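Chemist:
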Amino acid sequence: MISHIAILMENQPGALSRVVGLFSQRGYNIDSLSVAPTQDPTLSRLTMTTSENPEIINQILRQLFKLVDVVMVQNLSEAEAYSIELAIIKLIAPQEKVEQIISKANNLEGKILNEHNGHTMFEIWGDSADIDALLASLRDEEFLEVTRSGLLGMTKGNVALNTNDQTKISYE
Amino acid sequence: MTSGGEALIRALSDEKIDIIFGYPGGAALHIYDAIYQQDKVQHILVRHEQAAVHAADGFARATGKTGVALVTSGPGATNAITGIATAYMDSIPLVVISGQVASHLIGTDAFQETDMIGISRPIVKHSFLVQSAEEIPAIVKKAFHIASSGRPGPVVIDVPKDMTDPKVEFEYKFPKDLYLRSYPILGEADPTEVSDAVKMLKAAKKPVIYSGGGVIQSDASEELVNLSKMIGAPVTNTLMGLGAFPATDNQFIGMLGMHGTYEANMVMSEADLIFNVGARFDDRITNNPKKFGLEAKKIHIDSDPSSIDKIINVDVALQGDAKLVLSQLCKEFENSKLKNTDLKPWWGQINEWKEKHGLNHDMLNLENQKDIILPQQVIQSLYKVTKGKAFITSDVGQHQMFAAQYYKFDEPRKWINSGGLGTMGFGLPSAMGVKFAFPDADVACVTGEGSIQMCIQELSTCSQYGLPVKIINLNNRALGMVKQWQDMQYGGRYSSISYEDSLPDFVKLAESFGHVGLKVEKFSELNAAMEEAFSLKDKLVFLDVLIDPDEHVYPMLEAGGSMSEMRISKKDKTF
């Protein structure tokens, strides 16, 4: 089963390598990963998917939270969450052909971005599994390139992964 | 106004640090100049950076304070890595300061440049790269807080040379408070879990208390003893936990695990309740986790939530500081109206086990004693001469296990060894750290002729600072633990374990550094030599004891088996 984990962490050099390093150090696999600063430029949000078993996921969540640079951790798979992935795909095909591919793709939305000399680039978004299925259906001779955002996600309702808190440690 | 170098040393002093261990070099020169110009922080010059970190580590283990090491960039930093990994595996509070090439040179493969933050990342609790000199005092404060709180561990501060430039000055300000966005420190455990634990403890017919290094880290020995007395259950300690519960107490059944006592491992196998206090179900304890404690309920106290359910799933998790949680349990135990279960039948069984295969703690009076000395006898002689009061550091191998089995530690922080990483070379430098902390106490390093040669250069440091530690060298002329495994599992094919023709004359070697060397070859000379070593109060004595080269450490858990599957001697096994 794919687990979807969101992490709020310090936007500092080295913080990302601590998170990624933790996975290789403890032998966990990362399937997808996306990271960018948040509204608060001192914080980054990292979203990842991993297909480890539930016991390992628990251990991963605890190990992640133990990192001093990690501020909050959420298991989106266990919450009411909305998730989406975006892919940009380039095909050796005329625009009309690609428009057909987009309209036939199951559960996905998309649009043409650019056409040049018979090479057409389009973006498409939806469930990761549906993007997998679309990619599998493409013919080898027409496929040129793909880049995927990794699965992004957010819990529904009032639970949010953000904080203004700082723990003050006083020595007085 | 201060420079970054001065600020660094002043901040250490503001953290109440008066001794650091280190080795200078190019990137650290500004810092060393700042050290020279003050007298609050004493710098101890070792002979190799690994020893600097081990010495700081020994200091930390013996005192409970944070140890500090200072090294230069490049090879200084990489030499420190083994020491840092050693401290990380045993959760020891250290601050390791490494020089770094100047900021503008980082990434250019400059002379003596290495990515210390990157190399040390998997073996530190946290690390800092100094990016502006003014933040040095705040970073130092954070580093000490992180190293020493919660589950302790080593913290690295990597300091580029330009950050300590004496020409760049600023106003020194040591912060009163510090801010960390997310750094929860656990205190007391959830009261519901505490009450569940007490119900289980009262109901158990065959309980065992299995305690580890966490009890020592949180200075919770007194609380552990109090609760153990109320419960009346047998207590076993891990290698890291020895001394947390007095070894001479009747409830103590010895160390458990790989080379634990027969009775401790049998108790763990047959128990109906395993109460883990500050240990981590490590593989040297559980043996095969799939066969571990199948009949037992389990309670686990740990200050690190990621230790809970990591290897073994437990029924009650008491997440918190061992000292506070044990106090909670004591109160709850006293106030509970539930009746205690009679543990007499359980103790009857335990005493039978002890009778059958327990360790012989009277090996100095063997019938049919031959000339040849057994390693266990050296430890018993050491125990006798030091009246069980010495700080004992150890290296790694058979001698370490014999020391753990036969030196009865009655107090915490007296047994200092590399348990998790198993670092040969740890013993002598860590003994130096202990001796600096407790100059009037007896400090002995139990070692072997293999391990001692891994940091033997520190005999020179001991000479420079007049450190009268006693080195008890269990010399079997081979890498004994490797040899034991080769005997047991590789048909006696001794691959690369021997150097008999090329060992130094340890007596002359010690003497060449200005120390005293004594060689013991016969059992009849052992006790007298041991007494002589400790009577020379202000001398480092290297006691080179030639021991039986064929002795194995027993009991020994059978690989892949349960905790009751043990080899008891070369001939006997339980499975």
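Chains as they are written, first to last, in this note's numbering: chain A, 1 to 172; chain B, 1001 to 1575. Virtual Cβ for every residue (Gly too), placed ideally from N, Cα, C. This one's a predicted model, so the numbers in the text were calculated from it and none came from an experiment.
Sorted by chain position, which residues of the same chain lie with C-beta nearer than 6 Å to A:Asn-11's C-beta, five sequence neighbours on each side aside?
Modeler: Pro-37, Thr-42, Leu-43, Ser-44
Chemist: By Cβ distance, which residues of its chain are closer than 6 Å to B:Gly-1212, with the 5 residues on each side in sequence left out?
Modeler: Within the same chain, Cβ atoms closer than 6 Å to the Cβ of B:Gly-1212 are found at Thr-1238, Met-1240, Gly-1241, Gly-1278, Ala-1279, the five residues on either side in sequence being excluded.
Chemist: Applying a beta-carbon distance threshold of less than 8 Å, which residues of chain A neighbour B:Ile-1117?
Modeler: Gly-14
Chemist: Enumerate, from N- to C-terminal direction, the unbroken alpha helix (DSSP H) stretches of 4 or more residues contained entirely within the stretch 1283 to 1335 of chain B.
Modeler: 1283 to 1286, 1322 to 1335
Chemist: Compile a chain-ordered list of the residues in the stretch 1124 to 1148 of chain B whose CB is closer than 8 Å to at least one CB of chain A.
Modeler: Hits within the stretch, in order: Lys-1125, His-1126, Ser-1127, Leu-1129, His-1145, Ile-1146.
Chemist: State the DSSP-derived secondary structure class of B:Ile-1097, mapped to helix, strand or coil.
Modeler: strand
Chemist: Give every residue of the same chain whose Cβ lies closer than 7 Å to the Cβ of B:Lys-1408, excluding the five residues on either side of it in the sequence, and list them in chain order.
Modeler: Correct list, in chain order: Ala-1247, Thr-1248, Tyr-1383, Gly-1388.
Chemist: With DSSP as the reference, label B:Cys-1578 as helix, strand or coil.
Modeler: Not covered by the structure: residue 1578 of chain B. The range shown for chain B is 1001 to 1575.
Chemist: Using a Cβ-Cβ cut-off of 6 Å (strictly less than) and excluding sequence neighbours within five positions of B:Val-1140, which residues of its own chain qualify?
Modeler: Ala-1011
Chemist: In chain order, what are the residue ranges of uninterrupted beta strand (DSSP E) at least 3 long that sit wholly in the stretch 1464 to 1533 of chain B?
Modeler: 1470 to 1475, 1516 to 1520, all fully within the stretch 1464 to 1533 of chain B.
Chemist: Please classify A:Leu-113: does DSSP put it in a helix, a strand, or coil?
Modeler: strand
Chemist: Can you tell me which of the three DSSP states B:Asp-1033 falls into?
Modeler: Here B:Asp-1033 sits in helix by DSSP.
Chemist: Between the beta-carbon of B:Trp-1353 and the beta-carbon of B:Met-1266, is there less than 7 Å?
Modeler: yes
Chemist: At a cut of 8 Å, does the stretch 1321 to 1337 of chain B reach the stretch 1166 to 1177 of chain B through at least three beta carbon pairs?
Modeler: no
Chemist: What does DSSP give as the partner residues of B:Lys-1229 in its beta bridges?
Modeler: In the DSSP output, where bridge partners are listed per residue, B:Lys-1229 has none listed.
Chemist: Leaving aside the five residues before and after B:Ala-1271 along the sequence, list all residues of the same chain whose C-beta is less than 6 Å from its C-beta, in chain order.
Modeler: Lys-1206, Val-1208, Ala-1296
Chemist: Which class does B:Phe-1281 belong to by DSSP, given the choice of helix, strand or coil?
Modeler: Looking at B:Phe-1281 - three-state DSSP - the assignment turns out to be coil, as it is neither helix nor strand.
Chemist: Given that A:Ser-3 touches chain B, what residues does it touch there, using C-beta distances under 9 Å?
Modeler: By Cβ distance, chain B contributes nothing, its closest Cβ being about 17 Å from A:Ser-3, past 9 Å.
Chemist: In the stretch 1175 to 1202 of chain B, which residues sit with their C-beta less than 8 Å from some C-beta in chain A, listed in chain order?
Modeler: Legend: CB atoms of the stretch 1175 to 1202 of chain B lying less than 8 Å from CB atoms of chain A belong to residues Lys-1176, Asp-1177, Leu-1178, Tyr-1179, Leu-1180, Arg-1181, Ser-1182, Tyr-1183, Pro-1184.
Chemist: To which residues of the same chain is B:Asn-1323 closer than 7 Å at the C-beta, ignoring the five residues directly before and after it?
Modeler: The sequence as given places Lys at residue 1323 of chain B; Asn does not occur at that position. Within the same chain, B:Lys-1323 has close Cβ partners Ser-1218, Asp-1219, Ala-1220, Glu-1223.
Chemist: Below 8 Å, how does it come out for the stretch 1419 to 1435 of chain B and the stretch 1481 to 1492 of chain B: are there three or more Cβ pairs, yes or no?
Modeler: no
Chemist: From which residue to which residue does the alpha helix (DSSP H) around B:Tyr-1406 run?
Modeler: 1398 to 1406
Chemist: With a threshold of 16 other CB atoms inside 10 Å of the CB of B:Ser-1132, please say whether the residue is buried or exposed.
Modeler: exposed
Chemist: Quick one: does A:Gly-118 have its CB under 7 Å from some CB of chain B?
Modeler: no
Chemist: Report the partner residues of B:Ser-1195 according to the DSSP bridge assignment.
Modeler: B:Ser-1195 has no beta-bridge partner at all, per DSSP.
Chemist: Would A:Gln-95 pass as an interface residue toward chain B - the criterion being a Cβ-Cβ separation below 7 Å?
Modeler: no
Chemist: Have a look at B:Asp-1342, B:Asn-1360, B:Leu-1070, B:Gln-1042 and flag the residue whose alpha-carbon is nearest the alpha-carbon of B:Gln-1377.
Modeler: B:Asn-1360
Chemist: Whose Cβ in chain B lies nearer than 8 Å to the Cβ of A:Glu-10?
Modeler: Arg-1181
Chemist: Given a cut-off of 7 Å on the beta-carbon distance, is the pair B:Thr-1393 and B:Asp-1442 in contact?
Modeler: no
Chemist: Give the straight-line distance between the Cα atoms of B:Val-1541 and B:Ser-1512, rounded to the nearest whole angstrom.
Modeler: 12 Å
Chemist: Let me know if B:Leu-1045 comes out buried or exposed under the rule of 16 or more other beta-carbons within 10 Å of its beta-carbon.
Modeler: exposed
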